[in-house]
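Encoded as structure tokens, the structure appears first; notes follow it.
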Amino acid sequence: MAPVKVTKVLCIGAGYVGGPTCAVIALKCPHITVTIVDLNQARIDAWNSPDFKLPIYEPGLEDVVRQCRGRNLFFSTDVEKGIQEAELIFVSVNTPTKKSGVGAGFAADLNYVELATRQIAAVATTSKIVVEKSTVPCRTAESMRTILEANSKPGCHFDILSNPEFLAEGTAINDLFKPDRVLIGSLQTEEGKDACAALAAIYANWVPEAQILTVGLCAFSSVNALSAICEATGANIDEVAHAVGYDSRVGPKFLKASVGFGGSCFQKDILNLVYLSESLHLPEVAAYWRQVVEMNEYQKRRFSKRVVDTLFNTITGKRIAVLGFAFKADTGDTRESAAITLIRDFQSERAFVNIYDPQVVEEQIWLDLDEASPAVPLENIKKQVKICKSALEACRDAEAVVIATEWKEFKEIDWSEVYSTMKKPAFVFDGRLLVDAEKLREIGFRGHHHRPPCSLMKIR
Ligand SMILES: NC(=O)c1ccc[n+]([C@@H]2O[C@H](COP(=O)([O-])OP(=O)(O)OC[C@H]3O[C@@H](n4cnc5c(N)ncnc54)[C@H](O)[C@@H]3O)[C@@H](O)[C@H]2O)c1
Numbered sequence: 439m440a441p442v443k444v445t446k447v448l449c450i451g452a453g454y455v456g457g458p459t460c461a462v463i464a465l466k467c468p469h470i471t472v473t474i475v476d477l478n479q480a481r482i483d484a485w486n487s488p489d490f491k492l493p494i495y496e497p498g499l500e501d502v503v504r505q506c507r508g509r510n511l512f513f514s515t516d517v518e519k520g521i522q523e524a525e526l527i528f529v530s531v532n533t534p535t536k537k538s539g540v541g542a543g544f545a546a547d548l549n550y551v552e553l554a555t556r557q558i559a560a561v562a563t564t565s566k567i568v569v570e571k572s573t574v575p576c577r578t579a580e581s582m583r584t585i586l587e588a589n590s591k592p593g594c595h596f597d598i599l600s601n602p603e604f605l606a607e608g609t610a611i612n613d614l615f616k617p618d619r620v621l622i623g624s625l626q627t628e629e630g631k632d633a634c635a636a637l638a639a640i641y642a643n644w645v646p647e648a649q650i651l652t653v654g655l656c657a658f659s660s661v662n663a664l665s666a667i668c669e670a671t672g673a674n675i676d677e678v679a680h681a682v683g684y685d686s687r688v689g690p691k692f693l694k695a696s697v698g699f700g701g702s703c704f705q706k707d708i709l710n711l712v713y714l715s716e717s718l719h720l721p722e723v724a725a726y727w728r729q730v731v732e733m734n735e736y737q738k739r740r741f742s743k744r745v746v747d748t749l750f751n752t753i754t755g756k757r758i759a760v761l762g763f764a765f766k767a768d769t770g771d772t773r774e775s776a777a778i779t780l781i782r783d784f785q786s787e788r789a790f791v792n793i794y795d796p797q798v799v800e801e802q803i804w805l806d807l808d809e810a811s812p813a814v815p816l817e818n819i820k821k822q823v824k825i826c827k828s829a830l831e832a833c834r835d836a837e838a839v840v841i842a843t844e845w846k847e848f849k850e851i852d853w854s855e856v857y858s859t860m861k862k863p864a865f866v867f868d869g870r871l872l873v874d875a876e877k878l879r880e881i882g883f884r885g886h887h888h889r890p891p892c893s894l895m896k897i898r
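Sequence positions in the sequence shown follow this note's numbering and run 439 to 898.
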């Protein structure tokens, strides 16, 4: 089945999230009819007020509503009609802190989400994509699915998506116009992916595609794999731990020392986790995870500093060979690669850098280096940096070799030959703990006397 092209969107909940979010969708997608419903008559009346005295104030919101209301944006209390007509439904109801019962004062009250979900099931006569927009604990999508499936009419199929909102009040319109990213979680089934594509296509009307991140619903669960978050959301930590334990990378492979993260997604996923913690009102958890990202940055800085310190406190005018540019071996992917940061640091110390990577194309390297030093014109970068065709060529006349990616071929280099072409004393800094330090020492290399700087979390 091809992804549905959505033309009718409903939003249940005309609050701080549902109102601005869906008004912006109406503005950016004139071909889509957007209806926002709420049980609260006064709120809906205010959204419909002739003089635009809207129920919430956000800079820029009135202007958006003025442009779309009555054109392709409608506000109503007729929830049933809205459900029947829509192809895609955002559930954007409130999830306040529970006032009584289990988790009172801490846990989110999911009663409104459940009631809205039950109403969709009761009223819908055609298939729908249901998007969970409210900030809800992990596994809520699963509960919604169970409720919808148990109560649906024959022939009605429901796809559930998770699409958490990161807007901040006060800057909601701006945040919606230019989101850092849009996150969509879906089941990884054919239907799930189609539903995901349908929602992504809506955002793609104004959000660059690279910023629309689609992940499996279970990725959301993994992201939630923290006891504090589980406690706050009422999730079962044992189940989450079990799901995470299924990942073969968790274990020794996860704890390989390295210069910075060993996965291009780590940083973005942990940053998402920081956001999630913040939206769950867990500032300590957010700070903890932010620190993990900072620690990895620190590891890279520490590595560059070690190189400078070891080369007699200056690398100005010296040539440094950087072996590897990809973020890990066996890929040409350079996103978040440690090499980029290291080379930027060497450049700013006014060293000359020779780069060799077996897979990364030259164009990509220039692109990444250009982006890493926005204040330096690319011509200037090119005066300092040379891209080489082999490891041997990169190391010729260099005073130090930095191994930034654990390409197997770097292990198999004829290091004696490399040594003979380098300036002396010749140093090796193995950021991936790849080569046999003892063997290099015997050849005459320096740099392995101290334990090479290393860091956390590397996934192969
Ligand atoms: N406000 C923010 O900055 C922000 C940011 C990100 C995420 N969130 C999350 O988004 C969700 C919504 O937040 P909000 O600030 O818009 O809440 P809100 O209280 O302003 O709005 C929710 C609306 O849903 C309506 N509602 C509840 N049940 C309904 C039902 N069954 N049918 C129709 N309408 C119903 C309520 O009447 C209310 O107007 C929450 O989960 C919140 O945590 C909020």
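Backbone N, C-alpha and C fix where the C-beta goes; we use that ideal spot for every residue, glycine too.
What residues are listed by DSSP as bridge partners for residue i?
i	result
R757	F790
E570	V529 and S600
C449	I474 and F528
V840	V760 and F867
R834	R834 pairs with nothing; no bridge assigned.
L651	L621
I825	I793
R884	F865
For the beta strand (DSSP E) holding residue i, just list the boundary residues, first then last.
i	result
F512	L511 to S514
L472	A quick correction: the sequence has Val, not Leu, at residue 472. Per DSSP, V472 belongs to the beta strand (DSSP E) from T471 to V475.
D868	F865 to D868
G623	V620 to S624
Note down, in chain order, each residue of its chain lying with its Cβ closer than 6 Å to the Cβ of residue i, except the 5 sequence neighbours on either side.
i	result
Y550	V531 and N532
L526	V444, V447 and I567
F512	T473
I463	V472
V653	G623
C506	A464 and L465
Y713	F604
If you count every other CB in all the chains shown that lies within 10 Å of the CB of residue i, and 16 or more means buried, which is it?
i	result
P646	exposed
P815	exposed
E850	exposed
Y736	exposed
S742	buried
T471	buried
N601	buried
Q785	buried
N751	exposed
Can you check whether the CB of residue j is closer than 8 Å to the CB of residue i?
i	j	result
L651	L621	yes
I793	V823	yes
I611	E496	yes
L599	E570	yes
E800	I781	no
S391	I482	The displayed coordinates of the chain run from 439 to 898. Any statement about residue 391 would go beyond what the structure contains.
A767	A832	no
S811	I803	no
W845	L878	no
G869	A842	yes
C449	F528	yes
V455	E603	yes
A789	I753	yes
Counting only the same chain and skipping the five closest in sequence on each side, list residues whose C-beta sits under 7 Å from that of residue i.
i	result
R556	I585 and N589
V798	F763, A764, G770 and T772
K631	S624
T748	F865 and G885
F490	E500, V503 and R504
Y857	A864, I881, G882 and F883
A633	I567, D597, L599 and S624
N643	K466 and C467
By the DSSP assignment, the alpha helix (DSSP H) with residue i in it spans what residues?
i	result
K820	L816 to Q822
L548	Note, L548: premise wrong, no alpha helix (DSSP H); not H, not E.
D803	Per the sequence shown, residue 803 should be read as Ile rather than Asp. I803 -> alpha helix (DSSP H) spans E800 to A810.
F741	P721 to T748
Tell me whether residue i counts as near ligand 3, meaning its Cβ is closer than 7 Å to at least one heavy atom of that ligand.
i	result
E607	Ligands in the displayed structure: ligand 1; ligand 3 is not one of them.
Can you name, in chain order, every residue of its own chain whose Cβ lies under 8 Å from the Cβ of residue i, other than the five neighbours on each side?
i	result
A560	N589
D835	R757, T859, M860 and K861
E518	Q557 and V561
E847	P796 and A829
E480	Before going on, a small fix: residue 480 reads as Ala here, not Glu. Within the same chain, A480 has close Cβ partners P493.
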